[in-house]
Each structure stands twice: as structure tokens, then as C-alpha cells.
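Trainee: Below is a structure I'd like to ask you about.
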Amino acid sequence: MMASPLAAQTAAPPPDMAGTLGFSVENDTLNGTDRNYTNGLLLTWRSPSADLPAPLAWLDRQLDFIQGPGRLRWGLALGQSIFTPTDTQATNPDPNDRPYAGLLYGALSLSRVTDTSLSVLELQAGMVGPSAGGKFVQNSFHAAIGVEPSNGWDYQLNDEPVVALILDRKWRVRLAGDEHLGLELLPSATVSIGNLATYVAGGALLRVGRNLDADFGPPRIRPALAGSAFFQPQGDSFGWYIFGGAEGRAVARDVLLDGNTWSESRSVDSRPLVADLQAGIAVMWQGVRFSYTQVWRTEEFYGQRGGMQQFGSLNMSVRF
């Protein structure tokens, strides 16, 4: 059987016997604020690319003729994100400010990596509203660190099941160097469809460092310029990189800003265009990856107080 021209141009990464367990925390506390996107937690698992279940192994072989040789992984995730207005002491929040909202969700994903690309298909499903536990988590944490509780949670979004189907593609463009010290660009494109969020996005990450082939950038909590939840060092297990990037999103709907889909709730006039700028560092050693990302996000709705939001993103991932 003849391989496709695309398959002939690329080589599959070696099979990976290890999976990757990761945990991410995003919070604006390090920037001295407590508003808008104020906390995010995400636990992820990405399977080994070796010894896939038979249906996924068959799918992987079919994709060879579309994308070229590659390796498929399946993944699971569990996450929670919390959003508040600027004034968290008001018992009746400003109706023109961002509504209180908690989001609790799970995700199933398929990731396929070639030597020059990463494709991700992800289905997120969960709940926005009181059942998401945003009030409990935020005020319990505030009590533990001696901070006043947020008082306006009675006006949060109502319970609503939410889903989003996300397709994400990244490309690896080596600009200079080798595995010991390299410079590369990672352009990306993303589409999300669902009552949770509907948008299209495009961006790129520029990074310099060692062992860059191990991943496609640091993980982030969506919507974001997210890297790969797995990493696979080649040869030397030590690697590092510093990076900077930007992503623009054209947003048709965001339930966390536009309010509940089928019931009356607080809402704001969301902006159709949003951008993220980010910079940070990642280190990999002995099967562990640490990364820190500083994020600057433009205003997401008209009348947003404080201008561009800043928050930090920490991730630890372990191979086993």
C-alpha cells in the first residue's frame, strides 16, 4: 500500500509508554486583585500513546493518511472556574458588572501529535450555577486565609447544563538551533461551539530553550493559548524554555458573560473581540514539568472596571 504524500514528509514520534497527570491553578491574587476571572482549577490525565485500545489504535492508523504518521492519546479532565464582579462586598452587586458565576465541568479529549503538529478534539460538559460550588470554594478559601467573604453570590447565574466541543490545532516551526538550544514558533487555531462558549481563535507562541520537542507549550485553562497537557522528553530528560505569545478570540457567545441561555439572569454586554498576551517559563526534569505563565487579558465586556486583567497560571505535570 502506498503512503500519502503527506505521510511521506513526516515521521511519527516514538511510542510513549507513560501517561501524564497534571494540575493547574490560575488566580489573580498574585496581581493584587479579586475580580472577573478570579480562580481556575484543572486536573488532567493524558494516556500513553503506546498500547492504545483497539478502536483508538484503528483510528490512529486511519489518521496516518490525513495528517501523516503520528501518535494518538486519549484524555480526561475535571475543572472548576470562578468569576466575580469588582465589588465583592456588595450584597446586591452592580447589575452592569460581571455576574457571579461558578463553572464545574469534565472533559474527554483525543490528542494526536506528529513531529510538526498537535491536534486536539475535546468535549467539555458540566454545570454553571450554584451546583458548580463556586460560592463554597471561594468563601471557604477566603475564610482559610483570613479574607472577607464575597457577599453577592445570591445573584449568581442560575443552574444550567453546559457543553462545548473544541477543536484545536498547533504547528511546530523550528526557526533556529537544535535540541540543545532552539528557537521555535507555535502557531495555533481553535474553534469552540456550544452553549458554554462559541468562538474562533488564532495565536502563536514563541519560545527558546532546550528539548523543545518534548511538548507544545505550557498547559492553560481554556479559553486560552493552551499548550499540551502531556510532555515526552526525547533523550535527555532535562529541558527548559522561556516563552511569550498572544491569542485573539472572536466570541459569538459566552454564557459566563451573556447570562443563562434559557432563564433570566444577570448579564453584561460582552465584547466580540478578546485578546490574551502571555509570558513565562517551563522546566522539565526527571519526568516532572513545572510552568508559570503570566497572562494579560483585554476587557471582555463593555464597562469593565480596571481595564486589562492580569492573572498567573501554575502547572505541575508528572509522567508515570
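Every letter in the sequence shown is one number past the one before it in the UniProt record's numbering, and letter 227, counting from 1, is 227.
Backbone N, C-alpha and C define an ideal beta-carbon position, used for all residues, glycine too.
Quick caveat, the model's predicted, so the values are computed rather than measured.
For a minimum of 3 consecutive residues, which ranges assigned as the beta strand (DSSP E) are wholly contained in the stretch 155 to 215?
Mentor: The stretch 155 to 215 contains these whole beta strand (DSSP E) runs: 160 to 171, 173 to 177, 182 to 193, 197 to 210.
Trainee: List the whole-angstrom C-beta distance separating G239 from R220, where the pair is believed to meet the contact cut-off of C-beta under 8 Å.
Mentor: About 19 Å; that fails the 8 Å criterion.
Trainee: Tell me whether the beta-carbon of F216 lies closer than 8 Å to the beta-carbon of L183.
Mentor: The answer is no: Cβ separation not under 8 Å.
Trainee: Excluding the 5 residues flanking H142 on each side, which residues of the same chain have their C-beta closer than 6 Å to its C-beta?
Mentor: Excluding sequence neighbours, H142 sits near P149.
Trainee: Give the DSSP-derived three-state secondary structure of V295 in the structure shown.
Mentor: Strand, per DSSP.
Trainee: Report all residues from its chain with a CB closer than 6 Å to the CB of A8; omit the five preceding and five following residues, and keep chain order.
Mentor: Legend: pLDDT at A8 = 44, less than 50; position of this residue unreliable, no value from coordinates given.
Trainee: Which same chain residues end up closer than 7 Å to L103 when comparing Cβ atoms and leaving out the 5 residues on each side of it in sequence?
Mentor: Result list for L103: Q80, S81, G126, V128, A132, L256, in chain order.
Trainee: Relative to the alpha-carbon of W214, which residue among R289, S47, S24 has its alpha-carbon at the smallest distance?
Mentor: For the sequence presented, residue 214 should be read as Ala rather than Trp. Among R289, S47, S24, the Cα nearest to that of A214 belongs to R289.
Trainee: Starting from A275 and walking both ways along the beta strand (DSSP E), at which residues does that stretch end?
Mentor: Taken as a continuous stretch (DSSP letters only), the beta strand (DSSP E) holding A275 covers 273 to 285.
Trainee: Distance, Cα to Cα, D258 vs N27?
Mentor: Taking the straight line from one Cα to the other gives about 22 Å.
Trainee: So, helix, strand or coil for S313, using DSSP?
Mentor: Reduced to three states, the DSSP call for S313 is strand.
Trainee: Is Q234 helix, strand or coil when you go by DSSP?
Mentor: Residue state, collapsed to three classes: coil.
Trainee: To the nearest angstrom, report how far apart G106 and L21 are at their CA atoms.
Mentor: One C-alpha to the other measures close to 15 Å.
Trainee: What is the DSSP secondary structure of S47, counted as helix, strand or coil?
Mentor: Coil, per DSSP.
Trainee: Out of T198, G75, V208, S188, point me to the one whose CA is closest to R253's CA.
Mentor: Residue T198 is the option with its Cα nearest to R253.
Trainee: Sorted by chain position, which residues of the same chain lie with C-beta nearer than 7 Å to A159's C-beta, five sequence neighbours on each side aside?
Mentor: Note that residue 159 corresponds to Asp in the displayed sequence, not to Ala. Within the same chain, D159 has close Cβ partners M127, G129, P130, S131.
Trainee: Among G152, W171, N151, which has the Cα closest to the Cα of T116?
Mentor: For the residues G152, W171, N151, the minimum Cα distance to T116 belongs to W171.
Trainee: Quick check on DSSP: helix, strand or coil for Q124?
Mentor: Looking at Q124 - three-state DSSP - the assignment turns out to be strand.
Trainee: Which of the three DSSP states, helix, strand or coil, is assigned to D258?
Mentor: If DSSP states are grouped into helix, strand and coil, D258 belongs with the helices.
Trainee: Taking the C-alpha atoms as reference points, what is the distance between Y292 and G312?
Mentor: Approximately 7 Å, taken between the alpha carbons.
Trainee: Apply the 10 Å Cβ neighbour rule to M308 and answer buried if 16 or more other Cβ atoms are within range, or exposed otherwise.
Mentor: Looking at its Cβ environment, which holds fewer than 16 other Cβ atoms inside 10 Å, M308 is exposed.
Trainee: W74 lies in the beta strand (DSSP E); which residues open and close that run?
Mentor: Unbroken beta strand (DSSP E) run through W74: 71 to 84.
Trainee: With distances taken Cα to Cα, identify the nearest neighbour of S24 among L314, R319, A229.
Mentor: Minimum Cα distance to S24 is reached at L314.
Trainee: If you reduce the DSSP assignment to three classes, tell me which class I221 lands in.
Mentor: Coil.
Trainee: The beta strand (DSSP E) that contains N92, what's its start and end?
Mentor: Neither: N92 is in no beta strand (DSSP E) and is coded neither H nor E.
Trainee: DSSP state of T20, grouped into three classes?
Mentor: Strand, per DSSP.
Trainee: What separation, rounded to the nearest whole angstrom, lies between the Cα atoms of M2 and W58?
Mentor: Residue placement at M2 is poorly supported in this model, since its pLDDT is 38, which falls under 50; the coordinates still yield a value, given next. Going by the C-alpha atoms only, they are around 18 Å apart.
Trainee: Residues in the same chain with beta-carbon distance under 6 Å from T38, minus the five sequence neighbours each way, listed in chain order, please.
Mentor: Excluding sequence neighbours, T38 sits near D28, I82, T84.
Trainee: Going straight from the alpha carbon of F136 to that of N151, what length do you get?
Mentor: So the two alpha carbons sit approximately 12 Å from each other.
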